[in-house]
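Working notes, beginning with the structure itself.
Written out as structure tokens, the structure reads:
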């Protein structure tokens, strides 16, 4: 905090401008004919080197990448916000969660804004169970707060059952940033508070894809 306080705003602007812009690595798999329809936007593709491979479907491609944390390799998965046009019945999304042993999903987009669909609902209603491919998802609890909603789900495949924590940050506007940093810090606290048993990555998604996930600062930055 002392370091941050000692620097002028222009310093951080200059540091931010140093980030590379656009596609900087190969993305050949994303551009294969059978995978083009799985990308919601042109120019936003999963890199070959860091993409998440999902087994069990007609293709192992999903628009999602691993991101290293400050102390841990592949600490996060940055994913495209689920839409039926790209993900069908969402089974590929839930297969990814199961195969990568994800225990926490951080969603930083609303389902609808200004009459437009930003992301589709890929989980069942409270108390209901829905089958996504071979993964059964049961919505146990849902707690609505001023700036986020916390959901607890039970996911199962065969005889194996796991708990999934879904933290939905509702105060992040499309094409903007939250007005109050306190809400982001509270979200960070909630994420870090979740008990981890499987040591899988945290899955983060917004409408497009998460551009940067920085766990050294505990921030989730979306487009």
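Numbering (the UniProt record's numbering), first residue to last: 1 to 223. The C-beta atom is built at its ideal place from N, Cα and C for all residues, glycine as well.
**OP:** Please report the residue range of the beta strand (DSSP E) in which residue 148 lies.
**Re:** Numbered from 1 along the chain shown, position 148 holds the residue referred to as residue 148. It spans 148-157 - the beta strand (DSSP E) in which residue 148 sits, taken as one unbroken run.
Hey, residue 256 and residue 87: beta-carbon distance below 9 Å or not?
-> Given that the chain is displayed from residue 1 to residue 223, the structure contains no residue 256 and the question cannot be resolved.
query: Can you list, in chain order, the stretches of the beta strand (DSSP E) that have 3 or more residues and sit fully within the stretch 28-114?
result: 64-67, 76-79 and 104-107
query = Would residue 123 pass as a contact of residue 166 if the rule is Cβ separation under 9 Å?
reply = If you number the chain shown from 1, residue 123 lands on position 123. If you number the chain shown from 1, residue 166 lands on position 166. For residue 123 and residue 166, yes; Cβs fall inside 9 Å.
Checklist line | Exposure label - residue 189; buried when at least 16 CB within 10 Å | finding: One-based indexing of the chain shown puts residue 189 at position 189. Flag for residue 189 reads exposed.
Cβ-based burial, residue 161 [other Cβ within 10 Å; buried from 16]: Numbered from 1 along the chain shown, position 161 holds the residue referred to as residue 161. Residue 161 comes out exposed.
Helix, strand or coil: which one does DSSP assign to residue 9? Locating residue 9 in the chain shown gives position 9, where the first residue counts as 1. Residue 9: helix per DSSP, three-state reduction.
- Please name the residue or residues paired with residue 136 in a DSSP beta bridge. Position 136 of the chain shown, counted from the first residue, corresponds to residue 136. Beta-bridge pairing links residue 136 to 131 and 156.
- Message: Check whether the stretch 195-206 and the stretch 98-109 touch, using three or more Cβ-Cβ pairs below 8 Å as the test.
- Response: yes
The beta strand (DSSP E) that contains residue 202, what's its start and end? Against the chain shown, residue 202 aligns to sequence position 202. That run of the beta strand (DSSP E) goes 202-205.
* Which residues mark the beginning and the end of the alpha helix (DSSP H) in which residue 196 is found? -> Residue numbering aside, residue 196 sits at position 196 when the chain shown is read from its first letter. That residue, residue 196, is in no alpha helix (DSSP H); it is neither H nor E in DSSP.
Notebook entry, point to check: So does the stretch 177-188 actually touch the stretch 124-134, counting three or more Cβ pairs closer than 8 Å?
Noted result: no
Per the DSSP calculation, residue 187 is bridged to which residue(s)? Here residue 187 is taken as the residue at index 187 of the chain shown, counted from 1. Looking at the DSSP assignment, residue 187 forms no beta bridge with any residue, so it has no partner.
Please classify residue 177 as buried or exposed, where buried requires at least 16 other C-beta atoms within 10 Å of its C-beta. As a working note, residue 177 is residue 177 in the chain shown. Exposed, by the Cβ-count rule.
### Query
Could you give the distance in angstroms between the alpha-carbon of residue 163 and the alpha-carbon of residue 103?
For the purposes of this step, residue 163 is identified with residue 163 of the chain shown, where counting begins at 1. For the purposes of this step, residue 103 is identified with residue 103 of the chain shown, where counting begins at 1. Approximately 7 Å, taken between the alpha carbons.
- Buried or exposed: where does residue 92 fall if 16 or more other Cβ atoms within 10 Å of its Cβ makes it buried? As a working mapping, residue 92 is identified with position 92 in the chain shown. Its Cβ being crowded by 16 or more others within 10 Å, residue 92 is buried.
Considering only residues of the same chain and omitting the five flanking positions on each side of residue 225, which have a CB-CB separation below 8 Å? Absent from the model: residue 225. The displayed extent of the chain is 1 to 223, so no value can be given.
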